[in-house]
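For reference, the structure discussed in these notes is given below.
In the working numbering, the protein residues as written are 64 to 407.
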């Protein structure tokens, strides 16, 4: 498919709402191996254009493209098989989109494209085995999109949220995890990725093996991690920080623990909300640049967890309503406590 046509197709999709079935077919085309480099370049160019646009609807559409292209219910695994777009379907679209899709399917894409989206809701955790034998544990409010069968030179999956990967070794077919901002490449290894869109950072932690990390918006950036290392990418400052870390702390969520190491209050509350399936509201002035380290035991009740956080941060009090909404406010003068330490 011509590079210009790829750019026009992505540009059109971001700015024009489509029926759900057509949206899924667009995702199928987007994540297929064909023209992968041209697609990534087109996405980067479109992103730079979106940054300068004031239109909120366009921004929302683009954030969804980033979430999906940079992409599980554990009790019942929902999945949708995405079949190729029949040429007749293009007749319901406006001429440009119709021509682009028809050209693509006639010339480039005759095989069926089948993807699976695995979704884990808030308050739950899930696990699955990918077609190549790779084992994945998925944290709450996370999703993974992967092909029903891996084809081509790589094994690529798309993650939104947090997951821990135990990759099946296959040196001829590198395993790649793409988030909305980063691409993590491995041959056979075990690593953890935390990539929630609402958090300030994307964090990759390597348990064993070796991984290569690239920024999708800055392809020349490249970081290599060795066991026990963690790379943190700040979405706001665009800065990276590589450090040694206790990998058991980073993967604690897979055992039901909640571990926070040098985290902002906003990120801590986002994680608690996902883990306990509650909405947590805090007065804006409570969010500062202070960093906190907290460890919560497996099975810690919600109210106990909130109490530990308020005591650690200090100067806050909380209230849990009947509809599972936690409200954090500044403590009254009589109830203000000194900032505490970490929970054992």
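Ideal Cβ positions, reconstructed from N, Cα and C, are used throughout, including at glycine.
About 19 Å separates the beta carbons of residue 223 and residue 249, which is beyond the 8 Å limit, so they are not a contact pair. For residue 325, the uninterrupted beta strand (DSSP E) run begins and ends at 321-326, by DSSP. Take the alpha-carbon of residue 292 and the one of residue 212: they are about 31 Å apart. Judged by DSSP in its simplified three-state form, residue 310 adopts helix. Beta-bridge partners assigned by DSSP to residue 295: 266 and 304. Taking C-beta atoms as the reference points, residue 262 and residue 237 fail to come closer than 9 Å. In terms of CA proximity to residue 335, 358 leads the group 352, 353, 358 and 351. Beta-bridge pairing by DSSP links residue 224 to 258.
In the structure shown, residue 70 falls within a helical segment according to DSSP collapsed to helix, strand and coil. Residue burial is scored here from C-beta neighbours: residue 330 has at least 16 other C-beta atoms within 10 angstroms and is therefore classed as buried. Classified as exposed, residue 214 has fewer than 16 neighbouring CB atoms from the shown chains inside 10 Å of its CB. Residue 350 sits in coil when the DSSP states are folded into three classes, being neither helix nor strand. The residue from 369, 348, 372 and 343 with its alpha-carbon nearest to that of residue 390 is 343. Non-local C-beta neighbours of residue 317 in its own chain, meaning closer than 7 Å and more than five positions away in sequence, comprise 200 and 227, ordered along the chain. For residue 179, the three-state secondary structure derived from DSSP is strand. The beta carbons of residue 327 and residue 365 sit about 20 Å from each other, so the pair does not count as a contact at 8 Å. Taking all protein chains shown into account, residue 210 has 16 or more neighbouring C-beta atoms within 10 Å of its C-beta and is therefore buried.
By the Cβ neighbour-count rule, residue 219 is buried, with 16 or more other Cβ atoms within 10 Å of its own. In this structure, the straight-line span from the alpha carbon of residue 285 to that of residue 324 is close to 24 Å. The C-alpha of residue 232 is placed about 13 Å away from the C-alpha of residue 193.
Beta-bridge pairing by DSSP links residue 240 to 220 and 247.
Burial state of residue 102 is buried, judged by a 10 Å Cβ sphere holding 16 or more other Cβ atoms. CA-to-CA, the gap between residue 298 and residue 346 works out to about 22 Å.
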